[in-house]
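Protein chains in written order, with the working numbering: chain A, 15 to 177; chain B, 100 to 892. Written below as structure tokens is the structure these notes are about.
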Amino acid sequence: MDDLFAPPAYEWKRLPPGFLRIRRLSDAIGWLVLFTIPAVILLIVTDLWWLSALLWVVALVIIGLRFHFLRRSCGSWGYVEREDDLYITHGVWFRSLTAVPYGRMQLVEVESGPLERLFNLASVTLKTASPGTDARIPGLDPAEAARLRDQLTELGEAHASGL
Amino acid sequence: MSEPSSSLPAAAPFPPQPSDPGPPSDRGQPSERGVKQTERPHPLTPLIRGWVVLLAILIGFGRQLIPDGSGSEGFDGWDFRWVLVGVGAILMVAALAGFLTWYFTRYVIDDEELRIETGAIFKNSKRVPFERVQSVDIIQQLAARIFGLAELRIEVGTGDSTIKLRYLTRGQAASLRDYLLSRAHGDRVSRREPGSTVLPSALTDLGVEDQPLVTVGPQRLVGSFLLSSEFLVSIAMLIVVLVVTTAFGVVAFALAALIPLAIGLVSMIGRRVFQMFNFTLAQSARGVRVTRGLFNLTSQSIPVNRIQGVRIIQPILWRRFGWYRVDVNVLGYGSAEGSDNDTNATSVLVPAADARDLDITLSRILPGFDLSAVELHSSPRRSRWLRPFDFWTLRYGADERVVITEHGWLTHVRNLVPHAKTQSVRLSQGPIQRRLRVADVHLDITRGPVTPIAHQLDETAARELTMTQLDRARLARAADSERRPVDRTDADAHSQRTVLARFGLSESDRLGSGGESEVYALGPDRVLRVYRGTHEAAPAMIRQLTSLYSRWQGSPIGLEVPQILDGGEIAGRSFSVDRRMSGHSLSGWLRLAETGPRQLALLSYLDAAWAMQRLPSPVPGPARLLGVDAPRQFPSLAALLSDQLLRVIPQSQQRLEHDIPNVSRVWDELQEWLRDRHGEPRLVHGDFCPPNCYVSVLPDGRPVVSGVGDFSPHTLHADPMMDVAGAVIFLELEPYAAAADDARWLTGQAYARFGPELEQVISMYRLYYGFYFSNTFEFDPDTYGWCQRQLTR
């Protein structure tokens, strides 16, 4: 069923392209470092230069594949604000759809790491009294993140209910 | 020690709301009204806490002193003196620290606030709004118990650690607990309420007011422990390790594995047997109370509405004995997990219950809920590829109050979550699940042992559950807040409690409340109806209802009507004991029903409205049947209905004239039509709506309206069409999404049955009910809005 993860009567809001870029960049750096260290060691200690080259080639292939995958992965994120609740979806292989009523929010967090700041992005996390609630929207435009934070806080207050 | 409130002026009848923190500078500081007297814990506290240190030192050194053959070098005389000096020094330091901690710990618990101040160097003042209190526990460690002291623990919810007050005298701890629990429930009682304090003893911690519900004897406790999976798995591992090492002749190596296993086993016995010894679950004035313990006596009081989730588990070996364990999630209890301090609150509500105990327990913590009545759906067979060992046990279901998820074969687990406690809902699906077209639904609730997941649902069902659960949660929360009493006066709350106490009930047994009375569950087939203190003619009303209902018993209309079994007055409050109506409230049922069954039920609802007229009336001619001056007869239908309206209109006239431009014309139109309305008067319920109807599902799955309750001063001997019109009109007021569509559909059905002239009848009674309920503008804007719409159609 294709519409298992469809939004309830709304269109998903998708994340800005910067999110894909940042994920690709951090991913590429990770893989390169992972393969470069043994490759360099091999080059220094032995004279099997072709083995080092092979490692780099493998790294590039992996990065290429990951680039392809990340496009789908980043494209899978989406959120939608309804009257009473927020829906968030993500995941390609393991898909999930989280629905959080505004009245259940305990706090809203806006975060922006160094890499995220470089690309001018921020993430918004919604926390409820349950540790299981997985309501994080990464890679947002800071203006949108701020708007979302204010909006959610306001709605949270309006709908607030005791535990 | 001085009384904390003695320096305060006598408590005002309405102390300020504790949630109002006041100006920041006021917090934790002496208030302007003079220095508030704070209290210190009992002066023996440092001694008892030092006891633990002393014990640890004695054990530590004692072990060294005992010759164990491993080495001959014990302490010689010179060494030993120094050891004594060292021990003395450590003791001094510990004693000083204990004294300082005690000296700088102060607390205030009075009508205004709950505040604890601790710390000699780093001062810490913590003030907690009363409504955040989740549970209050009293723990009597062995040493404290000897001196008649106890520790008070207050769980305050997420993000905050437990507040510990140690040590207080037992009586003080108990009185503070009762007070805090009352405040946590929103009752504005005063701290010093005479006679409310019950002194617990050193042997048991049950007050005289507490009624034991479930007790677990040592036999069942030990038996259930020996048969529990936890214990058997540890034993099995122990045996496996021993057998393997013996077979290879390397028993010595086994020690490395055996020591942690043995330690685990000992702590398990401590946790499951000694701590659970003498286990009693009792009904207390404010929820349920667990008392337990062999050496350390623990008493946990949990307000029922603070229970976030319930888990019923049954290891496979318990099945033949019919035992269950019941765990609950309560905010704050979860954070204690992992640390093995054996005085911690546990989330175990009953360690080993039989089927009867389970019923009793559930009926207390989820009043009115019937576990066996919930329809459970199994996961599809194709999920066996993912869960080959327990796919047949995966089930889920929901009724109007609770979601249930079930799984497990070796240990069967049932998770119950009241809708109102759902924090968020998550739907998840992995790649294999996608192939099999199944998905999991996680219901997120607060931390604790209950983790409800509906495993491997068919995709359509999973989507349905996810999308509807939040709506259900919202409706449940709305219903809960309706049910919660707000701002009862002290006197009212007190007399209410007196009445409830006489019947062994508490606020948690409340089924619902209306304008005139509140209804409490009194066992499976009776309810207690307590009339409001402001009700002017409750005794007369009960008499009239008793005679009316008894006249109707066995009447051939095929509908269950209420029956009053007993009535009376306690503490100035009138009450009656009524037979409990069978079936569910139609209003709640409609919210969850599918379209098909819903329409069947609505047709039956229309039939029931039409059947009302066949109930016999005590008087002929148009009349009001219940109320102060009832039965009062009128010369004509128009006179009766005008009189009904004129009882209300004076209150709302101004408002109506303001909101509805041509209201006098509407009024005249209705009066004119009523004058021309003739016919044989019949019995009219007068408030025929889904909340007052009860629905049962027949064995063939057909839902029918099986009973009608709540006859009231609206009940008349008048035009039988009033209830038919009311049935259709009031359906629009139901809170479920399709109510408006259903009301339109039912109107169509009614026209088909009663002919097209019904159209005018309905439109006129719309005006009538619009006027009749217009006094709701004062307290129920939703209903008033509906009235406005009726009058401006």
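Beta carbons: idealized from backbone N, C-alpha and C, even for Gly. All of these numbers come straight from a predicted model, not from anything done at the bench.
Can you grab the Cα-Cα spacing for the pair V762/B / R163/A, in whole Å?
Straight-line Cα distance between these residues: approximately 46 angstroms.
On the CB-based measure, 16 or more other CB atoms within 10 Å of its CB, does F174/B come out buried or exposed?
With a pLDDT of 49 at F174/B, under the threshold of 50, the modelled position of that residue is not reliable, and no figure is offered here.
Determine whether the beta carbon atoms of V516/B and G408/B lie at a separation below 8 angstroms.
It is a contact, given that the beta carbons lie within the stated cut-off.
Every unbroken alpha helix (DSSP H) inside the stretch 215-249 of chain B [4 residues or more]
The DSSP assignment places 241-245 as complete runs of the alpha helix (DSSP H) inside the stretch 215-249 of chain B, in order along the chain (cut-off: 4 residues).
Is the separation between the beta-carbon of L769/B and that of Y630/B shorter than 8 angstroms?
No, these two residues do not count as a Cβ contact at 8 angstroms.
Output yes or no for whether 8 angstroms exceeds the beta carbon distance between G547/B and V676/B.
It is not a contact, given that the beta carbons lie outside the stated cut-off.
Quick one: give me the first and last residue of the alpha helix (DSSP H) that R690/B is part of.
Per DSSP, R690/B belongs to the alpha helix (DSSP H) from L685 to L691.
Would you kindly work out how many angstroms separate the C-alpha atoms of L830/B and V794/B, rounded to a whole number?
Straight-line Cα distance between these residues: approximately 15 angstroms.
On a CA-only basis, which of E474/B, P402/B and G825/B is nearest E254/B? Give me that one, please.
Just measuring C-alpha positions, the residue of E474/B, P402/B and G825/B sitting nearest E254/B is P402/B.
Whether R571/B touches S110/A by CB criterion (8 angstroms):
Taking 8 angstroms as the Cβ cut-off, R571/B and S110/A do not qualify as a contacting pair.
At 8 angstroms on the CB atoms, spell out the chain B contacts of F108/A, in chain order.
Residues of chain B passing the Cβ test: S527, Q528, G529 and P530.
Compare the C-beta of Y432/B against all C-beta atoms of chain A and say whether one is closer than 8 angstroms.
Chain A contact via Cβ: absent.
Looking at the structure shown, is F468/B part of a helix, part of a strand, or coil, going by DSSP?
DSSP places F468/B in coil when its eight states are reduced to three.
Host beta strand (DSSP E) of L380/B (start-end):
In the DSSP assignment, L380/B falls within the unbroken beta strand (DSSP E) covering F378 to S383.
List, in order along the chain, the chain B residues whose C-beta lies closer than 7 angstroms to that of V114/A?
The answer, in chain order, is S523.
Of the listed residues V598/B, G622/B and D624/B, nearest to S616/B (C-alpha basis)
For the residues V598/B, G622/B and D624/B, the minimum Cα distance to S616/B belongs to V598/B.
Can you pull out the residues from the stretch 119-151 of chain A whose beta carbon lies closer than 8 angstroms to at least one beta carbon of chain B?
Of all residues in the stretch 119-151 of chain A, Q120, T142, A143, S144, P145, G146, T147, D148 and A149 have a Cβ within less than 8 angstroms of some Cβ in chain B.
For L509/B, which of helix, strand or coil comes out of DSSP?
It is coil, neither helix nor strand.
Where D98/A meets chain B, residues with beta-carbon distance less than 9 angstroms:
Here the neighbours are L569, D570 and R573.
Could you spell out the range, first to last residue, of the beta strand (DSSP E) harbouring H777/B?
Careful: H777/B lies outside any beta strand (DSSP E) and carries neither H nor E.
How far does the alpha helix (DSSP H) with S646/B in it extend, from its first residue to its last?
For S646/B, the enclosing alpha helix (DSSP H) begins and ends at A637 to W651.
In this structure, how does DSSP classify R126/B when only helix, strand and coil are distinguished?
Note that R126/B has pLDDT 37, beneath the 50 cutoff, so the model's placement of it is unreliable and the number below is only indicative. In the structure shown, the three-state DSSP call for R126/B is coil.
To test your reading of the DSSP string, which unbroken beta strand (DSSP E) runs of 3 or more residues are found completely within the stretch 526-593 of chain B?
As far as the stretch 526-593 of chain B is concerned, its whole beta strand (DSSP E) runs of at least 3 residues are 537-543 and 552-557.
Under a CB-based cut-off of 8 angstroms, is L18/A close to chain B?
Yes, L18/A lies at the interface with chain B (some Cβ there is under 8 angstroms from its Cβ).
Going residue by residue through the stretch 811-841 of chain B, where are the continuous alpha helix (DSSP H) segments of at least 4 residues, counting only ones entirely within it?
The qualifying runs are 820-830.
In angstroms with no decimal places, state the Cα-to-Cα distance between A836/B and A842/B.
Between A836/B and A842/B, the C-alpha separation is close to 11 angstroms.
Is T60/A buried or exposed, if buried means 16 or more other CB atoms sit within 10 Å of its CB?
Counting Cβ neighbours within 10 Å, T60/A comes out exposed, since fewer than 16 surround it.
Put Q310/B into one of helix, strand or coil per three-state DSSP.
Here Q310/B sits in strand by DSSP.
Give me the chain B residues within the contact set of L84/A, using Cβ-Cβ distance strictly less than 8 angstroms, ordered along the chain.
Neighbourhood of L84/A in chain B, by CB distance below 8 angstroms: empty, with the nearest CB roughly 17 angstroms away.
With DSSP as the reference, please indicate the residues paired to R252/B in a beta bridge.
For R252/B, the pairing in a beta bridge is given by DSSP as D236/B and K263/B.
For a cutoff of 8 angstroms on Cβ pairs, would you count L111/A as touching chain B?
A Cβ of chain B is located within less than 8 angstroms of the beta carbon of L111/A.
Determine the closest residue to L90/A out of E130/A, P152/A and L166/A, with distance taken between C-alpha atoms.
For clarity, residue 90/A is Ser in the given sequence; the question names Leu instead. Among E130/A, P152/A and L166/A, the Cα nearest to that of S90/A belongs to P152/A.
So, F787/B versus A710/B, is the Cβ gap smaller than 8 angstroms?
No, the pair does not count as a contact, with Cβ atoms beyond the cut-off.
In chain A, which residues lie less than 8 angstroms from A538/B when you measure between Cβ atoms?
Result: L18.
Do you know whose CA, among R418/B, V626/B, W688/B and A575/B, lies nearest V473/B's CA?
V473/B has its Cα closest to that of W688/B, out of R418/B, V626/B, W688/B and A575/B.
Note down, in chain order, each residue of its chain lying with its Cβ closer than 7 angstroms to the Cβ of P52/A, except the 5 sequence neighbours on either side.
Contacts found: L69.
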